[in-house]
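Asks: Residue numbers (our numbering): 6 to 97. Glycine included, each C-beta is placed from N, C-alpha and C at the ideal position. Since we're looking at a predicted model, the values are computed, not measured.
In structure tokens:
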């Protein structure tokens, strides 16, 4: 009798644990609710000038090509992290 009671309790416990198992996913489509904004005073416009980015000019003298049939491939600007770096050219 004790074994039957133990097995019944184990079965109910396993069923209870497995009832919560599973994969759930979902999505919703809609517009967010409007949020009221309280303005205490009229806003004063702030004028900000656009940043000026000056790229240094690169002057490279193209060397003599090593053999007939080669041409000079000029350099180019490449992105490295948050900045740009000059990659020199080579004979191609």
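Since residue 96 contacts residue 71 with CB under 8 Å, what's their CB separation in whole angstroms?
Replies: That belief holds up - the Cβ atoms of residue 96 and residue 71 are roughly 6 Å apart, short of 8 Å.
Asks: Determine which residues share a DSSP beta bridge with residue 81 and list them.
Replies: According to DSSP, residue 81 bridges with 92.
Asks: Quick check: the stretch 45 to 57 against the stretch 72 to 84, are there 3 or more CB pairs under 8 Å?
Replies: Flag = no, the stretch 45 to 57 and the stretch 72 to 84 do not touch.
Asks: What would DSSP say about residue 45, mapped onto helix, strand or coil?
Replies: If DSSP states are grouped into helix, strand and coil, residue 45 belongs with coil.
Asks: Whose CA, out of 67, 63 and 69, lies closest to the CA of residue 81?
Replies: For the residues 67, 63 and 69, the minimum Cα distance to residue 81 belongs to 63.
Asks: Determine the direct distance from the alpha carbon of residue 59 to that of residue 69, and round the result to whole angstroms.
Replies: Distance between the alpha carbons of residue 69 and residue 59: 31 Å.
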